[in-house]
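All the letters of the sequence shown, read from the start, carry residue numbers 23 to 395 under this note's numbering.
Virtual Cβ for every residue (Gly too), placed ideally from N, Cα, C.
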Amino acid sequence: MSLSTRQYAVSHDEAAQAVVANGMERNGQHLWFHIEGLKGIGKTTLGKEIARLLPKHTLRYVDCVAITAGDLGIPKFKEADDQDFVRYVANEILGLHTGEPLIIMLDELSKAPREVLLPLLRLGLEREMFGYRLHPDSVVISNGNLTAENLGDGFQAHQLDRFTVLELRTPTNEEWIGNYAVPNDINAMISGWALQTPELFQDWRDVPNPDDNQYIDHPQAVGRRKGVTCRGLAKCGYILDNREGISDHLLRAMLAGTIGYYAAEQLMTFMQIADDLPSLESIKNDPSNAKVPSNVAAVGLVVYRALSNIDRSWVDAWMTYMERLDESWGAMFCQSVADPRFNKDRQSQVMTNAKFTKWAHDHQYLFNTADVV
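Written out as structure tokens, the structure reads:
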């Protein structure tokens with residue numbers, strides 16, 4: 023995709039907004055969105071975000087490269103007027119039998135074999151398959167990789183005309199932290215590293231010389247089998263959550279096998295700044311004197327760690343400590359807590375706290391706590 027068309031690439035939130043606004047059938051019309059993007063940037067997880075925005079819908083995920091035509095439906099012999107005929111019964115994975123509003127995510131549709139692709143094309147375009155008719159509020163969304171990645175994605179011209187194609191751009195580091203890492207409790211160390219290292223999220227098409235960014239997965243990099251993706255960062259968070267008893271050698275090996283050798287070494291180096299962090303206990307017990315790191319990334323790590331661990335018992339202490347940080351960090355904390363994707367239990371415990379609401383009011387970050395308690 024050329025630079026002239028890349029200017030129309032959309033964010034994760036924008037893609038979800040488009041599907042919710044135009045994916046349901048209205049007066050016999052609807053749009054079928056096909057989302058293209060680099061690997062590992064959240065194309066599949068877009069289904070979960072749409073499901074959050076449409077809570078009365080049921081999400082159905084279909085891996086189009088892991089099924090055959092026979093997996094979509096099986097014949098059921100029927101009889102009418104003494105004549106036998108065959109009716110196909112749709113596979114349960116599609117959810118067509120329920121009659122409910124669905125979100126059908128056709129993952130990797132652009133790589134599907136022809137015998138799988140053709141019936142699914144009818145499902146998305148005509149909203150009908152094997153005699154089943156989609157509920158009018160249902161949405162069908164598909165995804166695949168960019169053709170520039172040479173991973174086998176492609177449609178014929180008449181097939182492509184059935185879709186509204188959107189390119190999903192790579193998120194910025196702050197978008198990924200706020201929209202995904204914090205709401206999904208990704209290890210705070212990963213968020214801190216991402217904050218300090220925005221080049222982790224650079225699109226390889228913006229890097230003509232792969233040596234200029236050794237973090238990313240670049241198809242022209244010689245010998246670079248792995249690189250950083252959003253998916254890989256989330257996996258690294260899981261590794262760090264379970265690193266107790268793991269040697270540094272094994273930890274490096276697992277990280278390298280997830281995001282590449284160069285990135286793994288840099289992450290391990292970044293983890294050493296943890297020595298500069300105040301302990302949670304020091305913040306809880308003496309927030310007025312607990313250490314405030316001098317390193318910006320370390321301050322971010324303290325805030326992300328608080329978001330992942332905060333509960334009613336120490337909101338007061340945290341708010342006292344937070345007053346000692348730059349106001350921008352307090353704003354980020356408030357906005358993260360108020361985000362509808364944030365953990366609901368922690369959200370209600372923080373947003374009903376008097377110090378929190380006073381800080382939000384005093385700093386003009388006003389939230390309607392009634393919506394979340």
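Below 8 angstroms, too few C-beta pairs join the region 198–209 and the region 154–174 to call them touching: fewer than three.
Looking at the backbone, the Cα of Ala37 and that of Leu60 are separated by about 15 angstroms. Here DSSP, grouped into helix, strand and coil, assigns Phe55 to strand.
Inter-segment contact for the region 278–298 and the region 239–248 is present: three or more beta-carbon pairs are separated by less than 8 angstroms.
A Cβ-Cβ contact shorter than 8 angstroms links Ile72 with Val41. When DSSP states are grouped into helix, strand and coil, Arg334 belongs to the helix group. Considering only Leu53, Cys356, Thr192 and Asn231, the residue with the shortest C-alpha distance to Leu222 is Thr192. Leu262 and Glu196 have their alpha carbons spaced roughly 20 angstroms apart. Counting along the chain, no alpha helix (DSSP H) covers Arg184, and no H or E run does either.
Ala286 is the residue among Ile212, Ile89 and Ala286 whose C-alpha sits nearest the C-alpha of Lys248.
When beta bridges are read from the DSSP output, Val162 appears opposite Ile126. Annotation for Tyr343: Ile305, Pro309 and Ala312 place their beta carbon closer than 7 angstroms to its own, counting only its chain and skipping 5 residues before and after. Each residue's CA atom was taken as its position, placing Asn113 and Arg82 some 11 angstroms apart. Taking the Cα of Thr186 as reference, the smallest distance to any Cα among Arg368, Asp338 and His52 is reached at His52.
Judged by DSSP secondary structure, Asp35 falls within the alpha helix (DSSP H) whose first and last residues are His34 to Asn44. In the DSSP assignment, Asp85 falls within the beta strand (DSSP E) that extends over Thr80 to Asp85. Under the three-state reduction of DSSP, Ile63 is assigned to coil, being neither helix nor strand. Contact annotation, Val318 with Phe355: C-beta distance approximately 15 angstroms; criterion of less than 8 angstroms not satisfied. When the Cα atoms are used, Leu289 and Trp215 turn out to be separated by approximately 7 angstroms. In the displayed model, Ala31 falls within coil according to three-state DSSP, outside both helix and strand.
Boundaries of the alpha helix (DSSP H) around Asn195: Asn195 to Trp198.
If you draw a straight line from the Cα of Ala88 to the Cα of Glu345, it is about 52 angstroms long. When only Cα atoms are considered, Ser213 and Leu182 end up about 38 angstroms apart. By the Cβ neighbour-count rule, His79 is buried, with 16 or more other Cβ atoms within 10 Å of its own.
Looking from the CA of Gly50, the closest CA among His34, Ser160 and Asn165 belongs to Ser160.
As the crow flies, the alpha-carbon of Leu116 is around 10 angstroms from that of Leu156. Within the DSSP secondary-structure output, Met151 pairs in a beta bridge with Tyr154.
The region 211–279 contains, as complete alpha helix (DSSP H) runs of 4+ residues, the segments 252–263 (chain order). The alpha-carbon separation between Val372 and Arg149 amounts to approximately 44 angstroms. Residue state for Ala170 is assigned as helix, using DSSP reduced to three classes. Going by DSSP, Ala296 is part of no alpha helix (DSSP H) at all; its letter is neither H nor E. By the C-beta density criterion, Asp233 is exposed, having fewer than 16 other C-beta atoms within 10 angstroms. Excluding the 5 residues flanking it on each side, Pro300 has same chain C-beta neighbours closer than 6 angstroms at Ala312 and Lys313, in chain order. The beta carbon of Gly146 sits closer than 6 angstroms to those of Trp54 and Val162, all from its chain and outside the five residues before and after it, given in chain order.
Beta-bridge analysis with DSSP links Arg48 to Gln51. In the three-state reduction of the DSSP assignment, Ala112 falls in the strand class, which pools E and B.
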